[in-house]
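Enquirer: First the structure, which I've put down as structure tokens, then a few questions once you've had a look.
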Amino acid sequence: MMDQRQLGLRQHHCRFCGRAVCDRCSTGRASIPVMGFEFDVRVCDPCLVELKDMDHTPMAVFHDAKHSVVFMSLDEARHRLLTVGQDRLIKVWDISALLE
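Everything in the sequence shown is counted per our numbering, starting at 1026 for the first residue and increasing by one.
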């Protein structure tokens, strides 16, 4: 484990505890949803042991935002945007934050 910085030596850091670690000391990868890491990230070996008992259920919901729009309609009164894609998928967007 590296605690001091060395010139010319690449350092990594554990995403759980923040400690600087060498590549040998950080072979583990784990997701840490409570810290915003929904996908596996580098963690040091001691933290990997601690994280094994933690709940790794994702806290975020992922949606594919790709949508080839062929028609669009804006309802400013309701702060909604309707889009129709090439795949005939209809989406209604809440754009209230954009209209403020």
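Every residue gets a Cβ at the ideal spot worked out from N, C-alpha and C, and that includes glycine.
1) Please report the distance separating the alpha-carbon of Met-1026 from that of Ala-1085.
2) Quick check on the burial criterion: 16 or more other C-beta atoms within 10 angstroms. Buried or exposed for Phe-1096?
3) Going by the DSSP bridge assignment, what does Asp-1100 pair with across the sheet?
4) Straight-line CA distance for Pro-1083 to Met-1060?
5) Please list the terminal residues of the continuous alpha helix (DSSP H) segment that includes Asp-1078.
6) So what's Ser-1051 in DSSP terms, helix, strand or just coil?
7) In the DSSP assignment, the beta strand (DSSP E) including Glu-1125 goes from what residue to what residue?
8) Is the beta carbon of Ile-1115 closer than 8 Å to that of Leu-1107?
Expert: The relevant details are as follows:
1) Taking the sequence shown and counting its residues from 1, the one referred to as residue 1026 is at position 1. Taking the sequence shown and counting its residues from 1, the one referred to as residue 1085 is at position 60. With a pLDDT of only 47 at Met-1026, under 50, the local geometry of the prediction cannot be trusted, and no value is derived from it.
2) Position 71 of the sequence shown, counted from the start, is the residue given in the question as residue 1096. That one is exposed.
3) Here residue 1100 is taken as the residue at index 75 of the sequence shown, counted from 1. For Asp-1100, which the question treats as bridged, DSSP gives the partners Arg-1105.
4) Mapped onto the sequence shown, residue 1083 falls at position 58. Mapped onto the sequence shown, residue 1060 falls at position 35. Distance between the alpha carbons of Pro-1083 and Met-1060 is about 11 Å.
5) For this step, residue 1078 is matched to residue 53 along the sequence shown. No alpha helix (DSSP H) contains Asp-1078, which DSSP labels as neither H nor E.
6) Position 26 of the sequence shown holds residue 1051. If DSSP states are grouped into helix, strand and coil, Ser-1051 belongs with the helices.
7) Counted from its first residue, the sequence shown places residue 1125 at position 100. Taken as a continuous stretch (DSSP letters only), Glu-1125 belongs to no beta strand (DSSP E), as it is neither H nor E.
8) The residue given as residue 1107 occupies position 82 in the sequence shown. The residue given as residue 1115 occupies position 90 in the sequence shown. In contact: Leu-1107 and Ile-1115 (Cβ atoms closer than 8 Å).
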